[in-house]
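Heads up: the structure comes next, in structure tokens.
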Amino acid sequence: MSERLRNFVADLLEHSGAVIERIEPDGLEVLSPADVRAALSLPELARLGFSPELPSGAQRVGLESDWLERFHGLMGEHGNWARLSWESGQSLFSNPEKILEHGLVLNNAVFRLESVQPAWTRYLLLVFRFTAMSEEKREGVIRVGFNMANGATLDGFLDSLWSELLLDEPWRRDASGISADVVLPEVWEVEKVFQVVRRALPLRVAERLERFIQGLKRRQNGDIDRLHGYFSDMQKEIVERMAKEAKGEAADAEKFTQRLASIEREYHSKVNDLRQKYALRVDTRFVQGMILEMPVYRLHLLIKRKKGERHFHLDWNPVVRKLETPPCEYSFTWTTARVVCDEALHLVSAEAHAGCRACGKSFCRACHGEKCPKCGQA
4 MSERLRNFVA
14 DLLEHSGAVI
24 ERIEPDGLEV
34 LSPADVRAAL
44 SLPELARLGF
54 SPELPSGAQR
64 VGLESDWLER
74 FHGLMGEHGN
84 WARLSWESGQ
94 SLFSNPEKIL
104 EHGLVLNNAV
114 FRLESVQPAW
124 TRYLLLVFRF
134 TAMSEEKREG
144 VIRVGFNMAN
154 GATLDGFLDS
164 LWSELLLDEP
174 WRRDASGISA
184 DVVLPEVWEV
194 EKVFQVVRRA
204 LPLRVAERLE
214 RFIQGLKRRQ
224 NGDIDRLHGY
234 FSDMQKEIVE
244 RMAKEAKGEA
254 ADAEKFTQRL
264 ASIEREYHSK
274 VNDLRQKYAL
284 RVDTRFVQGM
294 ILEMPVYRLH
304 LLIKRKKGER
314 HFHLDWNPVV
324 RKLETPPCEY
334 SFTWTTARVV
344 CDEALHLVSA
354 EAHAGCRACG
364 KSFCRACHGE
374 KCPKCGQA
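Here it is in structure tokens:
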């Protein structure tokens, strides 16, 4: 990791006009122009270190420090978007039936493999940074990927594909390596990208934060239980005192009643304070987008549901040697089991074909959104 970070910083500084020299162990000596010095808070001549053992006089650079924010400030808008094409040959592909047997599960329909053909596709890869704020803070990076030919998600092999992107070869930063007769899917319009991200990203952020949220709920419930016990003891004490003074005047009983009401109000106020303390706010920020153009093997399918038929395809990626996840054409979830709707034969997850909360009728969210076609309730 230290060598990779040093190489990244070296490339960035050279691109920004700095003069660098690699020094050992795992360091850089940097002569920076004024704009680089301002962005990185460096003197004109500085030494940077990237491993536990630092060169003499070097500042430590690591992922856990504020250096990433400084590098982001230096980069500005550069590097937010990239387009890469694959110029290597395809790997051999065999036994598509077995691959489909494990990779495509239709709970209420059947499919038939009609053909397998070499093809090209475009992948859209997006990187987001999320920050969850509550009693504690959590930060992280989420990558999502989609096949722009069919909306399939790439969760099943996105990490492996990203690792391949770190290699200089055989990627090109232009389309010069693509033959003129190659047919590529259309690049998604911005509106479609926004629609897909609005549905796909919250699911993945929630999944990443699941343990964090469970911890918050556990601590909140524990604090509320302790608070409830404390105020219950106070109320019990008041009631016992009332019992001892049962023969007292009415004014004393009214005083006790007011005291009980005051304790209850204070309890609810404290509970609201705890809920505000543990309230969760999650912010997401776009970091980087990338379009990949590369060859695939296209599996052409015929999907049958009752009397309906639909032609569809999934792509097998020869670089990571995996089949993409079949799309949920509503939520773009990463889970694999799919339901086929009766109206348009959309492939959707079970959640996107669940029953209406009001009337219980199952319906396809890809067809009707969140509004039930029977009762009209959202």
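Count along the sequence shown from 1, add 3, and you get the number used in our numbering. Glycine is no exception: its CB is placed at the ideal position from the N, C-alpha and C atoms. Owing to the predicted nature of the structure, the values given are computational and were not obtained by experimental measurement.
Buried or exposed: residue i, going by 16 or more other Cβ atoms within 10 Å of its Cβ?
i	result
glycine 342	Checking the sequence, you will find valine at residue 342 rather than glycine. Valine 342 should be labelled buried.
valine 351	buried
cysteine 344	buried
methionine 136	exposed
glycine 30	buried
leucine 170	exposed
valine 113	exposed
alanine 381	exposed
arginine 368	buried
glutamate 139	exposed
serine 207	The question names serine, yet the displayed sequence has arginine at residue 207. With 16 or more Cβ atoms within 10 Å of its Cβ, arginine 207 is classed as buried.
alanine 355	buried
phenylalanine 452	What is shown of the chain runs 4 to 381, which leaves residue 452 out entirely.
Starting from the Cα of residue i, find the closest Cα among the options and give me that residue.
i	options	result
proline 298	Ser91, Gly60, Trp70 and Leu57	Ser91
phenylalanine 215	Thr134, Cys331 and Ser163	Thr134
phenylalanine 131	Arg50, Phe289 and Ala264	Phe289
proline 99	His371, Ala357 and Arg324	Arg324
serine 118	Trp319, Leu206, Trp191 and Cys370	Trp319
leucine 66	Pro28, Ala42, Phe11 and Pro46	Phe11
glycine 52	Val64, Pro46 and Leu43	Val64
alanine 353	Val108, Glu17, Leu71 and Asn83	Val108
phenylalanine 234	Tyr270, Glu248 and Gln217	Tyr270
alanine 152	Leu16, His81 and Pro329	Pro329
leucine 317	His81, Lys310, Ala41 and Arg115	Arg115
leucine 71	Gly232, Phe366, Leu15 and Glu192	Leu15
arginine 284	Glu243, Leu212 and Ala41	Leu212
lysine 239	Gly372, Glu267, Gln217 and Glu17	Glu267
Using the Cα positions of residue i and residue j, report the straight-line distance between them to the nearest angstrom.
i	j	result
glycine 76	threonine 156	31 Å
lysine 2	aspartate 286	Any answer about residue 2 is impossible in this case: the structure gives the chain only from 4 up to 381.
glycine 363	proline 376	11 Å
lysine 23	glycine 143	Here the sequence assigns isoleucine to residue 23, which means lysine is not the residue at that position. Whole-angstrom Cα-Cα distance: 31 Å.
tryptophan 337	asparagine 150	13 Å
aspartate 69	arginine 9	16 Å
alanine 282	leucine 168	38 Å
glutamate 194	arginine 201	11 Å
alanine 246	lysine 280	38 Å
serine 3	glycine 79	In the structure as shown, the chain begins at 4 and stops at 381. Residue 3 is therefore absent and cannot be evaluated.
isoleucine 145	valine 185	31 Å
alanine 122	arginine 25	43 Å
valine 190	leucine 129	14 Å
glycine 159	serine 182	29 Å
alanine 264	aspartate 228	20 Å
glycine 292	asparagine 83	6 Å
alanine 209	leucine 45	38 Å
methionine 237	lysine 273	14 Å
serine 365	cysteine 359	6 Å
serine 166	leucine 219	34 Å
glycine 154	leucine 127	10 Å
proline 36	glycine 372	54 Å
histidine 81	glutamate 17	14 Å
alanine 256	glutamate 248	8 Å
lysine 310	leucine 161	36 Å
histidine 105	asparagine 224	41 Å
Are the beta-carbon atoms of residue i and residue j separated by less than 7 Å?
i	j	result
leucine 326	isoleucine 102	yes
alanine 203	valine 147	yes
serine 94	proline 321	yes
leucine 402	leucine 48	Residue numbering for the chain in the displayed model covers 4 to 381; residue 402 lies beyond these limits and cannot be assessed.
serine 54	serine 19	no
arginine 262	isoleucine 241	yes
glutamate 346	cysteine 370	yes
arginine 141	leucine 187	no
arginine 50	glutamate 27	no
alanine 340	asparagine 110	yes
alanine 357	cysteine 378	no
alanine 61	valine 39	no
For the putative contact between residue i and residue j, defined by C-beta atoms under 8 Å, what is the C-beta separation to the nearest angstrom?
i	j	result
phenylalanine 335	valine 199	6 Å
arginine 301	leucine 348	Wrong, their Cβ atoms sit about 19 Å apart, outside the cutoff.
serine 59	arginine 175	About 41 Å; that fails the 8 Å criterion.
leucine 43	arginine 73	5 Å
leucine 295	leucine 230	Rounded, the Cβ-Cβ distance is 53 Å, inconsistent with contact.
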